[in-house]
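Peer 1: Quick note on numbering: our numbering labels position 184 of the sequence shown as 213, and the sequence is numbered without any gaps.
Here it is, the structure, as structure tokens.
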Amino acid sequence: MASSSLPSSLRSLSSPSQPSPYLTLEIKNGVFRNCSELPSELMTSIMQRLSAVEILENAQKVCMSWRRASKNPAMWRKIVMHKVEGLGYNLDIMCRHAVDRSQGGLVEIEIWDFGTDSLINYIADSSSGLRSLKLAKCLQVTDDGLTKAIVKLPYLEELEVSQTSILSAKSLKVVGQSCPNLKTFKLNQRGYLRPRLKSDDDALSIAETMHGLRHLQLFGNILTDVGLSAILDNCLNLEHLDLRQCFNVNLGGDLEKRCDENIKVLRRPNDSTYDYPFDATAIDLFSDELVFRLMPSINHYHDYDPTEDDDDTFDLYGYF
């Protein structure tokens, strides 16, 4: 098969201008004539460089040999699927297909910008040995649906829930109790500059049930020094702690010293967000633009001075 007939994602792997040395040698020696005769090791190497979508939509359609290789359960121990605007794929169906091909051997899965409670529970039902689950911007996944899935994953070692439905403190306890091997936990959202919302419920649930954590990321959480102290008291193996945009954390008292002595990598509330992969714009409900959009009547704010900090808990939902 000529390289021009290959999917664009594969052409660079067989292009004469940048040939694989092994591939070029075999072609020169006339050992095989087309891609269907590639050694299985090389075919596997090529496919492992592709995303799940590229395999299902392109690679498996190259020839029968590639299709057979794409059905090898070992190819589906790790699945990464991100929604790409404009492609029009039904990623829910495609993800289920990929999970089926793992035949229960799925170890890691990462999903961005799509997914439902039904899909997450399908993954959990099909992959009880899952070690890593990463969900980012999965806005249709609910607290209840995710919790029901996680209780089916007792071997989970890594869980990320970023800019998705926020797990309640009660659900966090269920996560900790259901996943005794959990070592990495990321619960990320946009931080609140104003109003200064405060709650240590998440932190206390983590401290109570996730004692084996080594990596904890709480980007944008509304915990205070009290919650941080509880985490340090109970998560004694913690090595990496990310508290960026946790604006209620002051590292007061001996907290700064405790973090310096026990945490190998500490990201403080006001540290740079350059390497954070999601929207890091902090929420400011008292910015002029948002205030006038939510509350056109300025009379509601006649006593409000935007230059003053408000330490009181703010009833966010009362304004919507």
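Positions of the beta carbon are idealized from the N, C-alpha and C atoms, including for glycine.
Between which two residues does the alpha helix (DSSP H) holding residue 177 run?
Peer 2: Locating residue 177 in the sequence shown gives position 148, where the first residue counts as 1. Its alpha helix (DSSP H) spans residues 172-179.
Peer 1: Which stretch, first to last residue, makes up the alpha helix (DSSP H) that contains residue 109?
Peer 2: For the purposes of this step, residue 109 is identified with residue 80 of the sequence shown, where counting begins at 1. That residue, residue 109, is in no alpha helix (DSSP H); its beta strand (DSSP E) goes 107-111.
Peer 1: Compare the beta carbon distance of residue 277 and residue 225 with 9 Å and say whether it is the shorter of the two.
Peer 2: By 1-based counting over the sequence shown, the position of residue 277 is 248. By 1-based counting over the sequence shown, the position of residue 225 is 196. It is a contact, given that the beta carbons lie within the stated cut-off.
Peer 1: Please go through the region 67-149 and give each complete alpha helix (DSSP H) segment of 4 or more residues, from N-terminal end onward.
Peer 2: Taken in chain order, the complete alpha helix (DSSP H) segments of 4 residues or longer contained in the region 67-149 are 69-76, 81-86, 93-99, 120-130.
Peer 1: Give me the residue from 73, 90, 304, 99 with the minimum Cα distance to residue 273.
Peer 2: Mapped onto the sequence shown, residue 273 falls at position 244. Among 73, 90, 304, 99, the Cα nearest to that of residue 273 is on 304.
Peer 1: On the DSSP letters alone, give me the boundaries of the alpha helix (DSSP H) that residue 238 sits inside.
Peer 2: The sequence position of residue 238 within the sequence shown is 209, counting from 1. Its alpha helix (DSSP H) spans residues 230-238.
Peer 1: In angstroms with no decimal places, state the Cα-to-Cα distance between residue 133 and residue 216.
Peer 2: Position 104 of the sequence shown, counting from 1, holds the residue named residue 133. Position 187 of the sequence shown, counting from 1, holds the residue named residue 216. Spanning the alpha carbons of residue 133 and residue 216 requires a straight line of approximately 27 Å.
Peer 1: At which residues does the beta strand (DSSP E) containing residue 187 begin and terminate?
Peer 2: In the sequence shown, the residue the question calls residue 187 occupies position 158. Residue 187 -> beta strand (DSSP E) spans 187-191.
Peer 1: How many Å lie between residue 311 and residue 181 at the Cα?
Peer 2: Within the sequence shown, the letter at position 282 stands for residue 311. Within the sequence shown, the letter at position 152 stands for residue 181. Rounded to the nearest angstrom, the two C-alpha atoms are 34 Å apart.
Peer 1: Measure the CB-CB distance between residue 235 and residue 214 and report whether it falls below 9 Å.
Peer 2: Here residue 235 refers to the residue found at position 206 when the sequence shown is read from its first residue. Here residue 214 refers to the residue found at position 185 when the sequence shown is read from its first residue. In this structure, residue 235 places its C-beta atom within 9 Å of the C-beta atom of residue 214.
Peer 1: Ignoring anything shorter than 3 residues or poking outside the region 245-281, list the beta strand (DSSP E) runs there in chain order.
Peer 2: Entirely contained in the region 245-281, the beta strand (DSSP E) runs reaching 3 residues are, in chain order, 269-271.
Peer 1: Let me know the secondary structure DSSP gives residue 355 once reduced to three states.
Peer 2: Examination of residue 355 is not possible in this model, given that the chain is present from 30 through 349 alone.
Peer 1: Report the rounded CA-to-CA distance for residue 155 versus residue 145, giving the unit in angstroms.
Peer 2: Stepping through the sequence shown from its first residue, residue 155 is reached at position 126. Stepping through the sequence shown from its first residue, residue 145 is reached at position 116. Whole-angstrom Cα-Cα distance: 16 Å.
Peer 1: Along the beta strand (DSSP E) that carries residue 161, what are the first and last residues, could you check?
Peer 2: Here the question's residue 161 lines up with position 132 in the sequence shown. Its beta strand (DSSP E) spans residues 161-165.
Peer 1: Short of 7 Å in beta carbon distance, which residues of its chain neighbour residue 352, apart from the five on each side in sequence? Order them along the chain.
Peer 2: The first residue shown for the chain is 30 and the last is 349, placing residue 352 beyond what the model contains.
Peer 1: Using only alpha-carbon positions, find the residue among 99, 85, 82 that is nearest to residue 72.
Peer 2: Numbered from its first residue, the sequence shown carries residue 72 at position 43. The shortest Cα separation from residue 72 among 99, 85, 82 belongs to 99.
Peer 1: Compare the beta carbon distance of residue 231 and residue 188 with 9 Å and say whether it is the shorter of the two.
Peer 2: As a working note, residue 231 is residue 202 in the sequence shown. As a working note, residue 188 is residue 159 in the sequence shown. No, Cβ-Cβ distance for residue 231 and residue 188 is not below 9 Å.
Peer 1: Can you name, in chain order, every residue of its own chain whose Cβ lies under 6 Å from the Cβ of residue 313, other than the five neighbours on each side?
Peer 2: The sequence position of residue 313 within the sequence shown is 284, counting from 1. Here the set comprises 222, 223.
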